[in-house]
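Presented below is the structure to which this report refers.
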Ligand code: HEC
Ligand code: HEC
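Spelled out as structure tokens, the structure:
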């Protein structure tokens, strides 16, 4: 943790030196990019926010604030970061981050990508796992409260899918059930595939 903290501190210095993002000066974007990366593409354990769905970001911020999303790193980092955000700031931050262009993380295992794609598109009939595509979209781009998954980092995707199976964030709609039905190999394959999906376009 010490090493991580000092890396985060270094990042903070770098992003200050690089100057503010082109957000409204009154929006506390730097309180977020300090951890999420200066162009919000994700950094270390903090996931990419750039190009994430507006409504999804807003819902997550409220669920951190209300302590519904209780994953270990959420408790450690996001409960504090979201504690004092006004409804207007949640709205404005969500709108801002959702319009930033995305870069794919490209950091999964290439050999697993084809298997991951098959599960993503077709589900697994034998274990009653529905296709992810029906909700998350053909390019894993998400819509409204359903998040964009394409190009998120392998380690973040894997952690999210594992932690639902461990009982964290249990109040979150269809995912606790879906994720807890996936085997470790299936999670690996899905997280690998999705890390390569480069959805550069943000409508
Ligand atoms: C101290 C570091 C830190 C700060 C500051 C921080 N975050 Fe986070 N954020 C994280 C980490 C780590 C996670 C991953 C939580 C998990 O895995 O459960 C996260 C997760 C999130 C998520 C969930 C993304 C997803 O795909 O589900 C959102 C949204 C988010 N942060 C928005 C923000 C906003 C907006 C701010 C500024 C107000 C902010 N964060 C400030 C570290 C931080
Ligand atoms: C019935 C619709 C539905 C299906 C099918 C579905 N999802 Fe989801 N998924 C959601 C919703 C809604 C959320 C947002 C949950 C929340 O608000 O916390 C979500 C969230 C996620 C997240 C969290 C992303 C982030 O940024 O933290 C991951 C990862 C994910 N889903 C992966 C999958 C995978 C892999 C499959 C297929 C095996 C799948 N989903 C199938 C609706 C669905």
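Residue numbers (the numbering used here): 335 to 537.
We put the CB at the ideal spot given by N, CA and C, even for glycine.
Small disclaimer: the values here were computed from a predicted structure and weren't measured.
Only buried fits residue 520, as 16 or more other CB atoms lie within 10 angstroms of its CB. Of 419, 434 and 429, the smallest CA-CA separation from residue 371 is found for 434. Its chain contains 392 and 395 as the residues whose beta carbon lies nearer than 6 Å to that of residue 424, once the 5 sequence neighbours on both sides are disregarded; these appear in chain order. With 16 or more other Cβ atoms inside 10 Å of its own Cβ, residue 493 counts as buried.
If you draw a straight line from the Cα of residue 523 to the Cα of residue 466, it comes to about 13 Å. By a beta-carbon distance limit of 8 Å, residue 495 contacts residue 525. Their separation comes to about 7 Å. The criterion of a C-beta distance shorter than 8 Å is not satisfied by residue 361 and residue 374. Here residue 417 carries a coil assignment [DSSP, helix/strand/coil]. In the DSSP annotation of this structure, the continuous segment of the alpha helix (DSSP H) that includes residue 394 starts and ends at 388-399. Using a cutoff of 7 Å, the CB of residue 480 counts as near ligand 2, since one of the ligand's heavy atoms is closer than that.
For residue 411, the CB falls within less than 7 Å of some heavy atom of ligand 1.
Straight through space, the alpha carbons of residue 462 and residue 411 are spaced by roughly 35 Å.
Here the C-alpha atom of residue 511 lies approximately 14 Å from the C-alpha atom of residue 458. The criterion of a C-beta distance shorter than 8 Å is not satisfied by residue 407 and residue 485.
Taking the Cβ of residue 427 as the reference point, at least one heavy atom of ligand 1 falls within a distance shorter than 7 Å.
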